[in-house]
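The sequence shown: position 154 = 154 (this note's numbering), numbered continuously.
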Amino acid sequence: MAKRLIFLFFCGVLLNGCGGGSNNQEPTTSTVNNTAPLLSGIVDTDIKALEEFVLELAASDKEGDVISFRIDNKPQWLNYEQKDSVIQLTGTPGFLDIGEYQVDLKVTDGVLSTDYKLAISVLDNETKWAPIDITQSDIEGGWQNQQENLALVMNSKQRGVLFADDELKEIDYQIEKGVEVSWFDDEVGENKRLFSFDILDKRDGQLRVVMRNDKQVKALTLARLERPEETLTFSIDDGADSRIRLFELANTPESESLIRIPKAKGESNYNNLSGSYNSANGEFMAASPTFLDGTYAIPESWELETAELEATIESLSILGVFNGVLFYNSVVSYTSAVTPEEVQDNDRAWLASVLAGPVVNTNTLIMQPLLKAEAPTFKVGGVYTSGLLIQENVQFNERDVHLNSAVFEVLDQNTLQISWNFSGKIPAEIYSFEYAFEGELLKLTRNGKTTSHRFLMMPNGHVGMDISFFNDGESQRRSRNLVIFKEVDTRITQDDYFHTFVNREAGHRVMQIIPNENKLESGNFIRWEANGSVTVLRGSCDLADSFEACEAYLNSQEYVNAEYENYKMLYKSDDFVLFEYLRYSMSGDILQSLRTFNIQ
């Protein structure tokens, strides 16, 4: 009986502990809702340069929590300070701070936060315009303004280049009360003022300037030209040619870069320089900084003698690229074994100034960027167009032969041969190479020397092969070209020639070949050759009725020789044709190259 009473007692206790009794009630809890803090006083603001800006913002929190504040996208000139629940923004922007700003504000109680955006416009302030003192070093170099499509380069000799309205002009400048910029007008034979500018502020590679010309006054910000940081591969030829010049700024020390500088004499004569480019400082280090620049005649001798002018690159600095134009400065000193008094009269003053040097030039190249193309797949027995891989001094009948292109045939999986035969007019020349593809590169080996060749897209939309000219037995680079690369079509027949062709490489020359005619539409006689090519006889002989009669007449003249142009079609599409071109005469040089035509 006692055991049963104890059992009932424990059961009662357990039931009460578990809430089993019907008279007990559950406890209640009171919860307070937290709200995010707020800011008041935010208003979009316009302020003027060189004027003080003050804005106070009041922060509040419904629950009275401790508030903290954060600001992002804060311009350099803007400061802020928090005192209790008040945040004060202050600052005095300068002329180089003119622009639009959006400041991000965040206020938080540690749990919840609220975000705000504050727009501030810093405006120009003409009443505060006042030029600052400057030195020549402050303005030397390259400057740009994208909004005005303007680039300005000023070198240490107070000369330079202006790019404005998509036009390049060589300029002179002087620092007096501000900077006066002028250019030489060839039509009137004198310098003419372009504009002047004052500098209001300078900081971190920027200038705030006020430019004035005869028509307007304008304030703008100039920033330093941007140097290319990635490898820049480009041409200066605009596209229709079968062979274009190739230049490169390769941003790796082990890769070769190629650029050009003007010769000491001659506006259209240049020296190609190979070397390395450092994008960090813009310096181009020439592989051979001293080289032969050119020669000039010495008049006092009975026989024509020439004196050599030697050039040494002191510095070559890449300033930057602007709207497709590369700007760079070159500093070159010159030496010669003769004095100015020993040369021709019209060269004396020029040579004296060159030797007094160094000569500082600001150079420009209007670039056509070149993109990579996929390496082709060679098939055994295939014939392909190419530039010449060997540049030799070739002569035929005491005449110089200029070799600018060739074709090569793939003999097997490892061997190809390059040949040219001038349509049978000159004995064929054949050279064999071992070849292999390494990724996108074609490697060619001959006589123990290996060259690498890339495939790039030309501006005309066709694939080109990167060709470096060098002397046989040497490795010294002379120039680099991109030559159109096509597989030669062996199915071409005479009917493919009956079109009107337009050639941009020869100044938009038009050539119309008519079926069953022995003349072009222009009146020049033609002759079909055994290899399927056509030869055009250049020269006037109105009374002749055949190629042979005109040829005999021209060659009988005392001061006239027949001149021949041979065209062999290598490739044809619906609107494009590639010819192997040969020009020769009974005297004078012989030229062989590739020529592109459009079908009209």
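Beta carbons are placed, not taken as given, at the ideal position from N, Cα and C, and that holds for glycine.
In this structure, DSSP gives P340 a helical state, which the three-state scheme calls helix. Inter-segment contact for the region 312-331 and the region 354-367 is present: three or more beta-carbon pairs are separated by less than 8 Å. Across the structure, F378 and F408 are spaced so that their CA atoms are roughly 11 Å apart. In the structure shown, I259 adopts extended strand secondary structure according to DSSP, grouped into three states. L89 is the residue among K177, E180, L89 and Q216 whose C-alpha sits nearest the C-alpha of D44. Beta-bridge analysis with DSSP links W350 to no other residue. The beta carbon of L292 is closer than 7 Å to those of E308 and E310 in its chain, skipping five residues each way along the sequence. Classified as buried, P37 has 16 or more neighbouring CB atoms from the shown chains inside 10 Å of its CB.
In this structure the region 246-260 does not lie against the region 125-145, because fewer than three pairs of beta carbons, one per stretch, are closer than 8 Å.
Here R193 is exposed. Its C-beta has fewer than 16 other C-beta atoms within 10 Å. Proximity of the region 164-179 to the region 103-110 falls short of the contact definition, fewer than three beta-carbon pairs being nearer than 8 Å. Here the alpha carbons of K157 and G41 stand approximately 55 Å from one another.
Apart from the 5 residues on each side of it in sequence, N323 sits with its Cβ closer than 8 Å to the Cβ of N149, A151, F163 and D166 in its chain, given in chain order.
The Cβ-Cβ distance between T35 and E63 falls below 9 Å. Sequence-distant Cβ neighbours of N272 in its own chain, meaning closer than 6 Å and more than five residues away, are R260 and S479. Around the CB of R208, 16 or more other CB atoms lie within 10 Å, so the residue is classed as buried. Distance from the Cα of L123 is smallest, within the candidate group E548, G461, L370 and L220, for L220.
For Y116, the beta-bridge partners assigned by DSSP are L105. Less than 9 Å divides the Cβ of N251 from the Cβ of S279.
Judged by DSSP in its simplified three-state form, Q600 adopts coil rather than helix or strand. Counting C-beta pairs with one atom in each stretch, the region 210-225 and the region 481-496 have fewer than three that are closer than 8 Å, which means they do not touch. Distances from the alpha-carbon of N79 to those of V502, I199, L55 and S432 put L55 closest. In the displayed model, D466 falls within a strand according to three-state DSSP.
Bounds of the alpha helix (DSSP H) holding D138 are Q136 to I139. Within the same chain, Cβ atoms closer than 8 Å to the Cβ of I132 are found at I199, L200, D201 and K202, the five residues on either side in sequence being excluded.
Take E440, set aside five residues on each side of it, and the residues of its chain with a beta-carbon closer than 8 Å to its own are K372, E374, A375, R454 and F455, in chain order. For P369, DSSP records a beta bridge to F234.
Per DSSP, F547 lies in no beta strand (DSSP E) segment; the continuous alpha helix (DSSP H) that holds it begins and ends at F547 to S556. Around the CB of T233, 16 or more other CB atoms lie within 10 Å, so the residue is classed as buried.
A direct Cα-Cα distance of roughly 8 Å separates P93 from E52. Cβ atoms of Q592 and N404 come within 8 Å of each other, at about 6 Å.
For W528, the enclosing beta strand (DSSP E) begins and ends at I526 to W528.
Apart from sequence neighbours up to five positions away, the residues of its chain that approach E256 with a beta-carbon distance below 7 Å are A250 and S274, ordered along the chain. F69 and V111 have their C-alpha atoms some 13 Å from each other.
The beta strand (DSSP E) runs lying completely inside the region 264-297 and spanning 3 residues or more are 270-278 and 283-286, given in chain order. When only Cα atoms are considered, T339 and R583 end up about 42 Å apart.
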